[in-house]
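Q: Sending over a structure as structure tokens; questions will come in a sec.
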Amino acid sequence: MGDRMPGSRRPFDVVARLLCALALALSAQLIATDIVRAGCYGSNEGAFRTYTGHLYARGVRSTVDLYAATPLSGQSAIVHPLQLASSSSADFLGWGTAKGVGTTGGSTNCPDDFSGWNVYVDGMAFGVYFCEQTYGALADTAQNQVFTIVHESSAGCAGAFDMYLNGVSKTCRVIDGTNGQVSAGAESIGTTETQLIDVHYESKNYNNPSTGWQPWGAQAGCANAGYRNRVLSSTNHYSEVAP
Amino acid sequence: VKPRAQILLLASSVALGAWACVAENPVGAGDVAVDSRPPAPATADVSGCGDPVIPKVDESFADPMTRRGPTVYPPILGPAVERVLTVDGANDVTFTPLAPVAPPSAPLQLILLDSDGVLRLYFGGPAIAEGMTLPDFVSGGGVVVLEKPLAGQDADLVVTTVGSRAGRIAVGPHGGALVHADPVGTGVRTWNLYWSDGERDWSIIGGVDPETVVTLGRSLYCGG
Chain A
14 MGDRMPGSRR PFDVVARLLC ALALALSAQL IATDIVRAGC YGSNEGAFRT YTGHLYARGV
74 RSTVDLYAAT PLSGQSAIVH PLQLASSSSA DFLGWGTAKG VGTTGGSTNC PDDFSGWNVY
134 VDGMAFGVYF CEQTYGALAD TAQNQVFTIV HESSAGCAGA FDMYLNGVSK TCRVIDGTNG
194 QVSAGAESIG TTETQLIDVH YESKNYNNPS TGWQPWGAQA GCANAGYRNR VLSSTNHYSE
254 VAP
Chain B
24 VKPRAQILLL ASSVALGAWA CVAENPVGAG DVAVDSRPPA PATADVSGCG DPVIPKVDES
84 FADPMTRRGP TVYPPILGPA VERVLTVDGA NDVTFTPLAP VAPPSAPLQL ILLDSDGVLR
144 LYFGGPAIAE GMTLPDFVSG GGVVVLEKPL AGQDADLVVT TVGSRAGRIA VGPHGGALVH
204 ADPVGTGVRT WNLYWSDGER DWSIIGGVDP ETVVTLGRSL YCGG
């Protein structure tokens with residue numbers, strides 16, 4: 014009694030194998046989840062695109078680290094925007110940094126400047142595009158820069174969107190709408206897309222109309238708040254969850 | 024609540040006749056060259072009803088090839104929508120919308136209510152499907168009317184914001200601002216009309232001629 018036939022399994026072995034299988038499955042699930050996280054903002058979206066979380070919000074905020082960028086002479090621009098596109102009209106707001114070719118025509122004050130990351134605001138207000146980059150510049154190595162767009166119902170910017178840089182209000186803007194789809198990322202404008210962009214997002218948040226500021230990553234399986242955009246060439250670009 | 028929907032539909036039907044009278048001498052889409060028009064006499068549109076005389080506006084605009092901006096626009100049927108109210112199925116309407124009179128060529132096809140109280144009425148254009156954006160819609164000749172909670176977005180604010188890109192024109196008893204918008208999406212330039220009636224702020228964004236846009240706004244107050 015108590016002897017086992019060769020090849021037979023003790024109850025403990027069975028439990029151990031089950032635990033092992035469970036652990037392997039869990040690991041696979043975690044890896045898959047990480048892939049999903051990386052892809053929830055578009056795994057092939059490089060610096061010439063913006064991430065569109067399709068989040069409905071009254072504002073967007075991100076903390077970023079900037080790195081050197083090399084816009085090509087004459088026909089390229091590099092932009093690191095926060096954007097809020099109205100849900101009901103074609104109006105939008107952009108707030109971030111740019112270097113390279115500016116914008117032309119209409120009511121714009123965004124001239125060419127290849128020297129550094131210019132802080133700019135642009136948008137479409139009541140159907141008319143505007144662009145200004147009169148808010149200074151940031152160093153290529155600037156760290157933990159916080160850009161915020163938020164619609165204010167009271168205080169200094171009542172009824173308008175308040176644009177903050179590192180907690181300081183820089184300008185108030187009105188568009189046709191009080192909320193919209195928020196997005197963030199990096200993009201380039203021009204006939205080539207070979208610029209080097211390296212922008213590291215430390216965090217992203219959106220201002221939920223009913224519950225206030227929320228971590229962007231908490232939506233749709235995107236649980237990690239760190240994101241990174243990099244373009245190495247026109248054919249080699251990727252986005253990834255930052256380590 | 025059903026009677027309200029019926030009233031809405033009835034009002035639309037009755038107003039169709041009024042539209043036909045107002046639009047006795049319609050101007051075809053695409054045949055408007057605002058720059059070539061003589062400046063409108065200051066008193067031409069003082070009543071805010073009848074055939075609109077389109078004000079002269081600054082036609083300069085930003086080069087869409089160089090400007091920054093969204094690479095994608097939010098879908099019409101996006102997360103902001105609280106309720107979708109088809110014209111035939113508007114029996115769960117809990118508000119009393121003021122419905123402009125639909126042009127015969129652009130029937131009312133969809134009503135959306137956003138969670139922040141904005142009412143959107145879509146006239147004409149392509150059938151609105153999942154993923155369709157506003158630029159897609161207006162590129163096909165669609166017109167959207169936005170009826171919004173009062174937030175001070177009146178004609179004065181628009182003129183202050185965009186300057187000579189806006190022209191003043193009366194919308195019934197209210198002052199309006201008409202803008203020939205910059206290109207969006209595939210390059211369509213909409214005519215946008217903004218005004219406030221003291222209870223709500225209004226916008227009309229149309230991929231049609233300005234006369235149609237203004238007449239649509241005026242149908243709320245005229246022809247009754």
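Protein sequence lines, in the order shown, are assigned to chains A and B. Numbered according to the numbering used here, the first sequence spans residues 14 to 256. Numbered according to the numbering used here, the second sequence spans residues 24 to 247. Glycine included, each C-beta is placed from N, C-alpha and C at the ideal position. Since this is a predicted model, take the numbers as computed values, not measurements.
1) Which of the three DSSP states, helix, strand or coil, is assigned to A/T154?
2) Would you say A/A197 reaches chain B, if we count a Cβ-Cβ gap shorter than 8 Å as a contact?
3) Using a threshold of 8 Å, state whether the C-beta atoms of A/N220 and A/A70 are closer than that.
4) Under 8 Å, Cβ to Cβ, is there at least one residue of chain A near B/P75?
5) Can you pull the chain A residues whose beta carbon is under 8 Å from the beta carbon of B/V194, in chain order?
6) Run through the segment 125-184 of chain B for me and flag every whole beta strand (DSSP E) of 3 or more residues, listed as ranges in chain order.
7) Using a beta-carbon distance cut-off of less than 9 Å, what residues from the segment 135-154 of chain A approach chain B?
8) Give the residues of chain A in contact with B/R143, contact being defined as C-beta atoms less than 8 Å apart.
9) Could you spell out the range, first to last residue, of the beta strand (DSSP E) harbouring B/G229?
10) B/G230 and B/G154 look like a contact to me (Cβ under 8 Å); what is the Cβ gap, rounded to whole Å?
11) For chain B, is any of its Cβ atoms less than 8 Å away from the one on A/P228?
12) Closer than 8 Å, CB to CB, is A/S247 near chain B or not?
13) Could you check whether the Cβ of B/P102 sits closer than 8 Å to any Cβ belonging to chain A?
14) Does A/P94 get closer than 8 Å to chain B when you measure Cβ to Cβ?
15) Cβ atoms of A/V132 and A/M142: under 8 Å apart, would you say?
16) Does the Cβ-Cβ distance between B/L131 and A/A103 come in under 8 Å?
17) Considering only the alpha carbon of each residue, which of A/T184, A/N218, A/S101, A/F160 lies closest to B/V166?
18) Helix, strand or coil: how does DSSP classify A/G198 here?
19) Over what stretch of residues does the beta strand (DSSP E) that includes A/G72 continue unbroken?
20) Flag B/P149 as yes if its beta-carbon sits less than 8 Å from any beta-carbon of chain A, otherwise no.
21) Taking only the alpha-carbon atoms, compute the straight-line gap between B/T184 and A/A197 and give it to the nearest angstrom.
22) Can you give the Cα-Cα distance for B/G198 and A/I188, rounded to whole angstroms?
23) I'd like to know whether the C-beta of A/T224 is nearer than 8 Å to at least one C-beta of chain B.
24) Please classify A/Q156: is it buried, with 16 or more other beta-carbons within 10 angstroms of its beta-carbon, or exposed?
A: Reading off the structure:
1) Walking along the first sequence from the start, residue 154 of chain A turns up at place 141. A/T154 falls in the coil class under three-state DSSP.
2) To locate residue 197 of chain A, count along the first sequence from 1; it is residue 184. It does not: the Cβ of A/A197 has no partner Cβ on chain B nearer than 8 Å.
3) Position 207 of the first sequence holds residue 220 of chain A. Position 57 of the first sequence holds residue 70 of chain A. Cβ distance < 8 Å, so A/N220 and A/A70 count as in contact.
4) For the purposes of this step, residue 75 of chain B is taken as residue 52 along the second sequence, with counting starting at 1. No - not a single Cβ of chain A is within 8 Å of the one on B/P75.
5) Walking along the second sequence from the start, residue 194 of chain B turns up at place 171. None at all; the shortest Cβ gap to chain A is about 15 Å.
6) 131-137, 142-146, 166-172
7) D135, G136, M137, A138, F139, G140, V141, Y142, F143, C144
8) As a first step, residue 143 of chain B must be located in the second sequence, where it is residue number 120. Per Cβ cutoff of 8 Å: S101.
9) Position 206 of the second sequence, counted from the start, is the residue given in the question as residue 229 of chain B. Where B/G229 is concerned, the enclosing beta strand (DSSP E) stretches over 223-229.
10) Residue numbering aside, residue 230 of chain B sits at position 207 when the second sequence is read from its first letter. Residue numbering aside, residue 154 of chain B sits at position 131 when the second sequence is read from its first letter. Not quite, the Cβ-Cβ distance comes to about 18 Å (not below 8 Å), so this is no contact.
11) Here residue 228 of chain A refers to the residue found at position 215 when the first sequence is read from its first residue. A/P228 does not count as touching chain B.
12) Counted from its first residue, the first sequence places residue 247 of chain A at position 234. Since pLDDT at A/S247 reaches only 40, below the 50 mark, its modelled position is unreliable, and the value read off the structure follows with that caveat. Cβ-Cβ to chain B under 8 Å: no for A/S247.
13) Taking the second sequence and counting its residues from 1, one reaches residue 102 of chain B at position 79. Chain A contact via Cβ: present.
14) Here residue 94 of chain A refers to the residue found at position 81 when the first sequence is read from its first residue. Chain B, which has a Cβ nearer than 8 Å to the Cβ of A/P94, makes this yes.
15) As a working note, residue 142 of chain A is residue 129 in the first sequence. As a working note, residue 132 of chain A is residue 119 in the first sequence. The question names Met, but residue 142 of chain A is Tyr in the sequence shown. In this structure, A/V132 does not lie closer than 8 Å to A/Y142 by Cβ.
16) Along the second sequence, one-based indexing puts residue 131 of chain B at 108. Along the first sequence, one-based indexing puts residue 103 of chain A at 90. Contact flag unset, no.
17) Sequence index remark: in the second sequence, residue 166 of chain B carries index 143 (1-based). Of the candidates A/T184, A/N218, A/S101, A/F160, the one whose C-alpha sits nearest the C-alpha of B/V166 is A/S101.
18) Here residue 198 of chain A refers to the residue found at position 185 when the first sequence is read from its first residue. It is a strand residue.
19) What you label residue 72 of chain A is simply residue 59 of the first sequence in a count that begins at 1. Run containing A/G72: 72-79, per the beta strand (DSSP E) assignment.
20) Working through the second sequence from its first residue, we reach residue 149 of chain B at position 126. No, because no Cβ of chain A sits closer than 8 Å to the Cβ of B/P149.
21) Taking the second sequence and counting its residues from 1, one reaches residue 184 of chain B at position 161. Taking the first sequence and counting its residues from 1, one reaches residue 197 of chain A at position 184. Going by the C-alpha atoms only, they are around 26 Å apart.
22) Working through the second sequence from its first residue, we reach residue 198 of chain B at position 175. Working through the first sequence from its first residue, we reach residue 188 of chain A at position 175. About 19 Å.
23) Within the first sequence, residue 224 of chain A is the residue found at index 211, counting from 1. Not an interface residue.
24) Within the first sequence, the letter at position 143 stands for residue 156 of chain A. Burial call: exposed.
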